[in-house]
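Using this note's numbering, read the sequence shown as starting at 266 and increasing by one per residue. Heads up: the structure comes next, in structure tokens.
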Amino acid sequence: MRAIILSMCSEQFMELTVLPGTNRCGEIEGFDRITLHPGDTVSIVGSTGSGKSAFINDIEVLAQGDTVTGRSILINGAPPSDEMVRDPAKKPIALITQNTRVIADLTVCRFLALHIRARDTYALELIKRTVALANEFTGEKISESMRMTSLSGGQTRSLLIADAIMIGQTPILLLDEVENAGIFKEKVIRCLKHYHKAVIFVTHDPLLAMITDRRIVMKNGAVTGVIEPDGAEREMVSHIAGIDAFLVELRERIRAGDLIRSDHLPGNKPLVPA
Ligand SMILES: Nc1ncnc2c1ncn2[C@@H]1O[C@H](COP(=O)(O)OP(=O)(O)OP(=O)(O)O)[C@@H](O)[C@H]1O
Ligand SMILES: [Mg+2]
């Protein structure tokens with residue numbers, strides 16, 4: 266079984282490099298190269314339409330100056346092999362977008378089994394572990410007998426993240442606005458760090474942006490800065506995490522149909538004082 270999994274990604278991933286392209290006005294972007302190693306976490310921030318999705322799409326298609334941005338991607342310091350570009354099983358990258366849906370009319374179990382391409386007891390065990398991991402990311406539980414087409418957006422993304430980790434063993438994950446699916450983002454991050462994945466989050470979520478190692482700032486289709494948060498910002502993280510935890514709890518109450526009362530607020534104080 267292990268041999269099957271490893272054959273999906275035979276070349277050992279050590280480094281991914283993004284070489285600059287141009288912004289919408291044709292001007293060269295503000296960086297020499299951006300490198301990503303196993304275990305690195307990077308967020309991409311910027312206003313709507315600033316080019317965040319285009320940046321991770323360039324990585325996913327292993328661009329070679331052939332996309333609107335003109336960026337190029339190197340794997341382990343060299344242009345990717347034709348095999349890696351053409352064969353999805355050889356690509357060390359999984360992109361999970363806001364709109365990722367699986368249209369194949371299969372059960373969860375059959376979908377995962379197809380990915381594993383084998384049906385021994387170890388494979389069955391792997392399906393169970395993948396569904397269990399996905400269920401750590403979502404409040405609405407997934408079962409093996411559900412049909413892929415009936416899963417919600419959040420369930421689908423949870424399953425695909427778990428699938429990329431457990432079955433694809435993909436070393437690089439690109440997650441486009443994962444926070445909007447209502448999945449448990451902290452658990453996803455903890456798990457990705459545990460498995461030493463290289464991860465790029467496109468995000469509008471302050472906490473997610475603050476807990477990554479680096480932050481890429483986009484404007485007008487180009488990278489305008491790569492920030493490594495300093496100690497002063499890091500010290501703020503636990504405070505922001507407290508605010509975020511409160512908002513998560515508030516969201517769960519509203520989802521459950523509760524009315525929000527003042528005693529639900531932290532310290533019983535209104536969020537916006539009268
Ligand atoms: N460097 C570039 N040169 C030319 N066009 C670009 C460039 N970067 C992005 N674009 C185009 O601009 C449009 C918006 O970009 P994109 O979808 O990446 O924005 P976004 O930051 O992801 O926005 P949102 O937050 O709304 O998802 C797309 O059509 C994209 O192809
Ligand atoms: Mg986008």
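A virtual CB, placed ideally from N, CA and C, is assigned to each residue, including glycine. All figures in this text were calculated on a predicted structure; none of them were measured in a lab.
Distance CB(residue i)-CB(residue j) smaller than 8 Å
i: T435; j: I358; result: yes
i: R480; j: A474; result: yes
i: H504; j: I432; result: no
i: D370; j: R412; result: yes
i: L439; j: I476; result: no
i: T306; j: L281; result: no
i: L360; j: E325; result: yes
Reference residue i, options the options, closest by Cα
i: K541; options: Q420, L327, T414 and I432; result: Residue 541 is absent from the model: the chain starts at 266 and stops at 539.
i: L389; options: C374, S503 and L284; result: C374
i: S318; options: K356, V443, M501 and E493; result: V443
i: A506; options: P471, I437, D297 and G316; result: P471
i: R289; options: E517, T362 and T489; result: T489
DSSP state of residue i mapped onto helix, strand, coil
i: I519; result: helix
i: T287; result: strand
i: I324; result: helix
i: M411; result: coil
i: F278; result: coil
i: T395; result: helix
i: S482; result: It is worth fixing the name first, because residue 482 is Val in this sequence and not Ser. Three-state DSSP puts V482 in a strand.
i: Q363; result: coil
i: F466; result: strand
i: G295; result: coil
i: G496; result: helix
Start-to-end residues for the alpha helix (DSSP H) that takes in residue i
i: V453; result: K450 to H459
Bounding residues of the beta strand (DSSP E) (the contiguous stretch that carries residue i)
i: L239; result: This structure cannot speak to residue 239, because the chain is shown only from 266 to 539.
i: T306; result: T306 to V310
i: I219; result: Any property of residue 219 remains undetermined from this structure, which presents the chain solely from 266 to 539.
i: G419; result: From DSSP, G419 is part of no beta strand (DSSP E) but of the alpha helix (DSSP H) over G418 to M431.
- Query: How do the stretch 318 to 338 and the stretch 285 to 300 stand: do at least 3 beta-carbon pairs fall below 8 Å, yes or no?
  - Reply: yes
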